[in-house]
Amino acid sequence: MNLKNRNETETLAVCGSAPVFDQMVPVGQLYYPSWESYEESFRAIFERQYYTNQGPLTEMLERQLEERLGVGNAICVTNATIGLSMLAEALEIKGRVIMPSFTFIATAQSLYWSNLTPIFCDVDPETHHLDFDQLEILLQKGADAILAVNLWGGCCDIRRLEAIAGSYGVPLYSDSAHGFGCVVDHRHLGCFGSAEVFSFHATKIMSSGEGGCITTNDDELAERLRNIRSSYGIRRQVKVDRTANGRMSEAQAAIGLLSLQDLDNRILRNKHLHEAYREVLDGVSGLKILIPAGVDKSNYQYFVCEVDEDGFGLSRDELNKALQMENIFSRKYFYPGMHRSPPFCDNYPSYLESQPQTDKICSRVIQLPLGARVDEDAVALIGRQILLMQKHSRQVRLALGVR
Ligand code: T4K
685 MNLKNRNETE
695 TLAVCGSAPV
705 FDQMVPVGQL
715 YYPSWESYEE
725 SFRAIFERQY
735 YTNQGPLTEM
745 LERQLEERLG
755 VGNAICVTNA
765 TIGLSMLAEA
775 LEIKGRVIMP
785 SFTFIATAQS
795 LYWSNLTPIF
805 CDVDPETHHL
815 DFDQLEILLQ
825 KGADAILAVN
835 LWGGCCDIRR
845 LEAIAGSYGV
855 PLYSDSAHGF
865 GCVVDHRHLG
875 CFGSAEVFSF
885 HATKIMSSGE
895 GGCITTNDDE
905 LAERLRNIRS
915 SYGIRRQVKV
925 DRTANGRMSE
935 AQAAIGLLSL
945 QDLDNRILRN
955 KHLHEAYREV
965 LDGVSGLKIL
975 IPAGVDKSNY
985 QYFVCEVDED
995 GFGLSRDELN
1005 KALQMENIFS
1015 RKYFYPGMHR
1025 SPPFCDNYPS
1035 YLESQPQTDK
1045 ICSRVIQLPL
1055 GARVDEDAVA
1065 LIGRQILLMQ
1075 KHSRQVRLAL
1085 GVR
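Read in my numbering, the sequence shown has 688 at position 4, and its numbers run on one by one without any break.
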């Protein structure tokens, strides 16, 4: 496309041009192993005819995860959502759990499944993680646990959080769905608090298609989790009240093992893509780029910006719509905040006015494509379309039907 010879707005899909990408460019890692390696692993599963219930591949994946993360126990599960529910059960938490209002619905739903009451805490506008001032106020009112959430390849100030949880005598556990491969103080995420939960969903940097894993250095907690996970594959029988089916299949474990092999290359690739985005978008007025906070090393699995309508010239929703028309499938994770999501908005209306930072972030945040289906040329094109959308924001708005 030669911009010099064309009216620039004519190169925007929202203004009538063909989309800049022929095919959907999604947010999400979506790295998959080569067909050959996949076929080899699956042939072995079919030869063994052992498909699930803590088979040899799941066992192997757990040992490799423990080694990589430097943690005593890795317990693989069907997905992170069931992992979070199992963990609340295994920690034997009763009552009220403080969690951030800015997160994916699975975090809050895991508490509901465990008959726990979520206490929503607002987040820090710079990091998107728990706000420590509000956390202290909530702890003083009484809580039975803290469920932290580590977002975007960053981490809460986890040392400070451990100290605060210790001083109030409440367990701390983390939803680290986004955090596999991140390092804090020379230790991998997965070693902090009572336990952490990772997601191995296809959109995550470490993937088994669907899947996840709970990590802990507490051996008793790990045994309870293994007993809750299923009646199979336990090492030692311990008393648990409720069990679930949170087993990881051999098919998932096979993909997970292949994913782990190549993880460092993918993190490096993500880092380069981040840098490429920043080369185009750093300093653009009204666009704030979120740098993963609180980690020595990030996995860079999300590229996150906040759009300030006044400074940028378009709202986040307008930008998002115009990008989708280019086949650039940006996302607005997370919208709305937990305190505005059913059933929590109906059951706990008192939070509606008490989470201003979450509300602000939810109205501004956007994730741009990263991962297997994006390369540096794609980043340059996405960046260029964003700059054009800003430059011609008035026409974009008119084309979108906004006055
Ligand atoms: N805690 C937090 C903080 C989380 O963010 C999540 C999940 C969890 C807990 C729970 O973890 P899991 O129980 O899922 O293990 C996605 C993912 O489903 C979810 O894992 C993730 N977080 C959440 C933030 O995003 P969707 O419904 O928005 O993604 P989806 O499936 O529409 O995929 C995104 C894009 O990728 C789409 O444009 C389509 C494309 N895509 C997706 C898949 C799965 C593909 O092209 N191929 C694919 O196979 O939820």
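From the three backbone atoms N, C-alpha and C, an ideal C-beta is built for every residue, glycine too.
Short Cβ contact (9 Å threshold) for residue i with residue j
{"i": "GLN1074", "j": "SER969", "result": "yes"}
{"i": "ARG1057", "j": "VAL709", "result": "yes"}
{"i": "ALA977", "j": "HIS813", "result": "yes"}
{"i": "ILE782", "j": "CYS805", "result": "yes"}
{"i": "LEU856", "j": "GLY877", "result": "yes"}
{"i": "ASN911", "j": "THR927", "result": "yes"}
{"i": "SER891", "j": "SER943", "result": "yes"}
{"i": "GLY863", "j": "ASN834", "result": "yes"}
{"i": "LEU909", "j": "LEU745", "result": "no"}
{"i": "SER851", "j": "CYS840", "result": "no"}
{"i": "SER769", "j": "SER798", "result": "yes"}
{"i": "GLY874", "j": "LEU749", "result": "yes"}
Residue closest to residue i, alpha-carbon to alpha-carbon, out of the options
{"i": "THR899", "options": "SER860, SER892, ILE918 and ARG926", "result": "SER860"}
{"i": "ALA792", "options": "ARG747, HIS1023 and GLY978", "result": "HIS1023"}
{"i": "VAL868", "options": "TYR1035, SER1047 and GLY837", "result": "GLY837"}
{"i": "ALA886", "options": "THR762, ARG1078 and LEU749", "result": "THR762"}
{"i": "ASP980", "options": "LEU971, HIS870 and ALA938", "result": "HIS870"}
{"i": "PHE882", "options": "ALA832, HIS1076 and TRP797", "result": "ALA832"}
{"i": "GLU743", "options": "ARG732, GLU1060 and ALA758", "result": "ALA758"}
{"i": "ILE821", "options": "ASP841, ALA849 and LEU795", "result": "ALA849"}
{"i": "GLU934", "options": "ARG919, LEU952 and GLY895", "result": "GLY895"}
{"i": "GLY865", "options": "ARG1081, ILE803 and LEU947", "result": "LEU947"}
{"i": "GLY795", "options": "THR765, SER1077, ALA1064 and GLN824", "result": "Here residue 795 turns out to be Leu, not Gly, going by the sequence shown. It is THR765 whose Cα lies nearest to the Cα of LEU795."}
Own chain partners of residue i with C-beta closer than 6 Å, once the 5 adjacent residues on each side are dropped
{"i": "ASN686", "result": "Low local confidence applies: a pLDDT of 44 at ASN686 is under 50, so the model's placement there is unreliable, and no value is given."}
{"i": "TYR1092", "result": "Any answer about residue 1092 is impossible in this case: the structure gives the chain only from 685 up to 1087."}
{"i": "ASN689", "result": "Any reading at ASN689 needs caution, since the residue's pLDDT is 47, under 50, leaving its predicted position unreliable; the model's value is listed next. Excluding positions up to five away in sequence, the list is empty."}
Close-in-space but distant-in-sequence residues of the same chain around residue i (CB under 7 Å, 5 per side omitted)
{"i": "LYS1005", "result": "LEU1084"}
{"i": "GLU1010", "result": "ALA697, PRO703, VAL704, PHE705 and GLN1069"}
Rounded separation between residue i and residue j - CA only
{"i": "VAL964", "j": "VAL991", "result": "15 Å"}
{"i": "LEU800", "j": "GLY930", "result": "19 Å"}
{"i": "PHE987", "j": "GLU993", "result": "19 Å"}
{"i": "ASP966", "j": "GLY995", "result": "14 Å"}
{"i": "LEU696", "j": "SER1014", "result": "16 Å"}
{"i": "ARG843", "j": "GLU751", "result": "22 Å"}
{"i": "ASP706", "j": "LEU1036", "result": "41 Å"}
{"i": "SER1025", "j": "LEU714", "result": "27 Å"}
{"i": "ARG1000", "j": "ARG1048", "result": "5 Å"}
{"i": "LEU974", "j": "ALA847", "result": "26 Å"}
{"i": "ARG962", "j": "PRO1053", "result": "13 Å"}
{"i": "TYR722", "j": "ALA937", "result": "11 Å"}
{"i": "TYR735", "j": "ILE729", "result": "7 Å"}
{"i": "GLU773", "j": "ASP817", "result": "28 Å"}
{"i": "LYS972", "j": "ASP902", "result": "40 Å"}
{"i": "LYS1016", "j": "GLN1008", "result": "12 Å"}
{"i": "PRO802", "j": "VAL1063", "result": "39 Å"}
Cβ-based neighbour list, residue i, same chain, cut-off 8 Å, excluding 5 preceding and 5 following
{"i": "PRO809", "result": "GLN1041, LYS1044 and ILE1045"}
{"i": "LEU998", "result": "VAL991, ALA1006, MET1073, GLN1074, SER1077, VAL1080 and ARG1081"}
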